Structures are given as C-alpha cells and as structure tokens.
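Last residue of the sequence shown: number 120 in the numbering used here, and the count goes up by one each step with no gaps.
Just below is one structure, and these are the notes that go with it.
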Amino acid sequence: MIKFVLKWLINGVIVVAMLMFYADVSFINAAITGTVLTLITYYVGDQLILRSTNNSVATISDAVMSFLILWLSAKEMGWTLNIGEILIMTAILCIAEWFLHRHVFKADLAMSTA
Numbered sequence: 007m008i009k010f011v012l013k014w015l016i017n018g019v020i021v022v023a024m025l026m027f028y029a030d031v032s033f034i035n036a037a038i039t040g041t042v043l044t045l046i047t048y049y050v051g052d053q054l055i056l057r058s059t060n061n062s063v064a065t066i067s068d069a070v071m072s073f074l075i076l077w078l079s080a081k082e083m084g085w086t087l088n089i090g091e092i093l094i095m096t097a098i099l100c101i102a103e104w105f106l107h108r109h110v111f112k113a114d115l116a117m118s119t120a
C-alpha cells in the first residue's frame, strides 16, 4: 500500500501542477485526473506488466497509458492542452516512473526475475 501512496503522491504533484499551469484546470479536476491516472497505471503497469516483464516495458506502458489518459481527459473536459504539452507531461511522468520502478519497486522486480 505504501508503494501505491508514494506513486499517487509523485504522479499527483506532477499532474496537478502541470495541468493547473498549462490548462488552468481547477485543483479538484487536476487531482481527480491524477488519481485516475495513478489507479490505472498502478494496477495495469506496476501490478501486471512490471511483475511479468521488466522496468523498460513497464515504463513505456505507463507512458502510453499516461498519454492516453491525459489526452482523453483534455478532450472530454474541454481543456486547452495541446499534444506538445501532453507529451511534456508524459515525459516527466515517464522519468518519475522509471525511478520509481527502479528504486521503490526493486523488490518486486527481484521477485519477478527469480
């Protein structure tokens, strides 16, 4: 559970700050988007993909999911995010995810390769 909370805090800070900066999204909407993004990427990326593959595959899958979630959220909510801004947010999330997988989920990686 602590790993999920840590991922939620890291992703939340990145997503909330950047959505509020780039698209003038309210804190509540940005926090909801960050929470949805974290829930999906944690359960699909970290619990399924990371355990059965490796850090690189899990990080790439997290990046693809993050991009799609941010793009769909922007489209459905009418936010003024363009593709470049979504790509920047995705790249920053991707870097954070790589470090998270590498250092926080290290025990899970060791167990999946054993």
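Just so you know, even glycine gets a beta-carbon here, dropped at the ideal spot from N, CA and C.
These numbers come from a predicted model, not from an experiment.
Here Ile75 is buried: its Cβ has 16 or more other Cβ atoms, across all protein chains shown, within 10 Å.
Closest option to Val70, judged by alpha-carbon separation, among Phe10, Ile55, Ala29: Ile55. Contact annotation, His107 with Thr65: C-beta distance approximately 6 Å; criterion of less than 8 Å satisfied.
Rounded to the nearest whole angstrom, the C-alpha separation of Ile98 and Met24 is 10 Å. Within 10 angstroms of the beta-carbon of Gly40 lie 16 or more other beta-carbons, which makes it buried.
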